[in-house]
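Top line first, the protein sequences correspond to chains P and U.
Note that this note's numbering gives residue 26 to position 26 of the first sequence, counting from 1, and the numbers run on in steps of one.
In this note's numbering, each residue's number is its place in the second sequence (first place is 1) plus 1000.
For every residue, glycine included, the Cβ atom is placed at its ideal position computed from N, Cα and C.
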Amino acid sequence: AAGVIQSPRHLIKEKRETATLKCYPIPRHDTVYWYQQGPGQDPQFLISFYEKMQSDKGSIPDRFSAQQFSDYHSELNMSSLELGDSALYFCASSLDRAPEAFFGQGTRLTVV
Amino acid sequence: AQTVTQSQPEMSVQEAETVTLSCTYDTSENNYYLFWYKQPPSRQMILVIRQEAYKQQNATENRFSVNFQKAAKSFSLKISDSQLGDTAMYFCAFRASGTYKYIFGTGTRLKVLA
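Shown next as structure tokens:
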């Protein structure tokens, strides 16, 4: 069965650079979620989109922005990167009428 | 605001035995969902089991079952016949109906011993 696809899987950026993370949800899923997981931490909710509109917002820094496109894929844009942004970034998707979300394998971002 | 608490940072169990992981949550919502996710060393987040708050019957998925106590706001996970592949971090998660975010607990690291 198709799963959530995230790209790239690994990314190394320097401080103050910009990064773009991509997420392709499971086909027919209309909701996308972004989470940040630091080392040894639980996943922290950043933002979600339902039918291409922002549906909920968590602790997402102002330096980050995201959107969901007409084909339902989503991109997380991160600017002015800081060392503390180094983390595993998960995307998840769900069907609005179904309660569970399915996660991608994550993008490991390292800021040096 | 909703919170999810997992009070057991680490647990271990012998292969083939049973282990129970605890989770409590706090919410004023009446309609919500609860989940257990597993994160093995690969760090992939894998859905283990889900429970709808309106259902009194406890969810079961093969060797995994939950004990859902709505009044006590408790949602524990029982793993029967533990296998080495069950070694992972287990996260309890909450989603209020009509919202688009999942709130995770801090996780329990489970080690299955041969």
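Name the chain P residues whose beta carbon is nearer than 7 Å to that of residue i?
i	result
U:T1106	D42
U:F1035	E100
U:L1047	E100 and F102
Closer than 9 Å by beta-carbon distance: list the chain P residues that pair up with residue i, in chain order.
i	result
U:Y1011	In the sequence on display, residue 1011 of chain U carries Met and not Tyr. Within 9 Å Cβ-Cβ: nothing; U:M1011 doesn't reach chain P, min ~16 Å.
U:F1068	The contacting residues do not exist; U:F1068 stays about 14 Å from chain P at best.
U:E1052	P99
Listing by chain order, which chain U residues have their CB less than 8 Å from the CB of residue i?
i	result
P:Y33	Y1100, K1101 and Y1102
P:G58	K1101
P:Y50	Y1100
P:S93	Going along chain U, no residue has its Cβ under 8 Å from P:S93, so there is no contact; the nearest lies around 11 Å.
Which chain U residues sit within Cβ distance under 7 Å of residue i?
i	result
P:F101	In the sequence as displayed, the identity of residue 101 of chain P is Ala instead of Phe. Chain U residues near P:A101: Y1102.
P:S74	Under the 7 Å cutoff, chain U gives no residues; its nearest Cβ is about 13 Å from P:S74.
P:F90	M1045
By the criterion of Cβ-Cβ separation under 8 Å, what are the contact partners of residue i in chain P?
i	result
U:Q1044	F103, Q105 and G106
U:F1091	D42 and P43
U:R1063	Here the premise fails: no neighbours, minimum Cβ distance about 19 Å.
Whole angstroms is fine: what's the gap from residue i's alpha carbon to residue j's?
i	j	result
P:I12	P:K22	15 Å
P:T107	U:Q1056	38 Å
U:T1087	U:Q1044	13 Å
U:S1065	U:Q1051	10 Å
U:P1040	U:F1075	21 Å
U:N1030	P:E14	46 Å
P:D56	U:W1036	22 Å
U:A1001	P:A19	31 Å
P:P61	U:N1058	38 Å
P:T110	U:Y1054	42 Å
P:G3	P:A98	16 Å
Closer than 9 Å by beta-carbon distance: list the chain U residues that pair up with residue i, in chain order.
i	result
P:F45	K1101, Y1102, I1103 and F1104
P:S55	T1099, Y1100 and K1101
For the beta strand (DSSP E) holding residue i, just list the boundary residues, first then last.
i	result
P:R16	No beta strand (DSSP E) holds P:R16; DSSP gives it neither H nor E.
U:C1092	A1088 to A1096
P:Q36	T31 to Q37
P:D56	M53 to K57
P:Y45	First, the amino acid is wrong: residue 45 of chain P is Phe here, not Tyr. Element bounds for P:F45: Q44 to Y50.
U:M1011	E1010 to Q1014
U:F942	The structure shown does not extend to residue 942 of chain U, since chain U is modelled only from 1001 through 1114, so no value can be given for it.
U:Y1037	Y1032 to Q1039
U:T1109	One detail in the question is off: residue 1109 of chain U reads as Arg in this sequence, not Thr. Start and end: T1108 to L1113.
P:V113	Because chain P spans 1 through 112 in this model, residue 113 of chain P falls outside it and cannot be assessed.
P:S125	Because chain P spans 1 through 112 in this model, residue 125 of chain P falls outside it and cannot be assessed.
P:Q6	I5 to S7
U:T1020	V1019 to L1021
When you compare the CB positions of residue i and residue j, do they come within less than 8 Å of one another, or not?
i	j	result
P:A92	P:Q37	no
P:N77	P:F64	yes
U:V1112	U:Q1083	yes
U:F1094	U:Y1032	yes
P:R9	P:Q105	yes
U:S1012	U:S1022	no
U:Y1100	P:Y24	no
U:I1199	U:E1061	Because chain U spans 1001 through 1114 in this model, residue 1199 of chain U falls outside it and cannot be assessed.
| Segment contact, 8 Å Cβ cut-off, at least three pairs: the stretch 35 to 48 of chain P with the stretch 1097 to 1106 of chain U | The stretch 35 to 48 of chain P makes contact with the stretch 1097 to 1106 of chain U, as at least three CB pairs between them are under 8 Å.
| Segment contact, 8 Å Cβ cut-off, at least three pairs: the stretch 1018 to 1032 of chain U with the stretch 1067 to 1087 of chain U | Contact between the stretch 1018 to 1032 of chain U and the stretch 1067 to 1087 of chain U is established, with three or more Cβ pairs separated by less than 8 Å.
| query | Can we say the stretch 1024 to 1040 of chain U touches the stretch 64 to 84 of chain P, given the rule of at least three CB pairs closer than 8 Å? | reply | The stretch 1024 to 1040 of chain U vs the stretch 64 to 84 of chain P: no contact.
| task | Inspect the CB distances between the stretch 67 to 82 of chain P and the stretch 26 to 33 of chain P and report whether three or more fall short of 8 Å. | result | As far as the Cβ criterion goes, the stretch 67 to 82 of chain P touches the stretch 26 to 33 of chain P, which means the pair count is three or higher.
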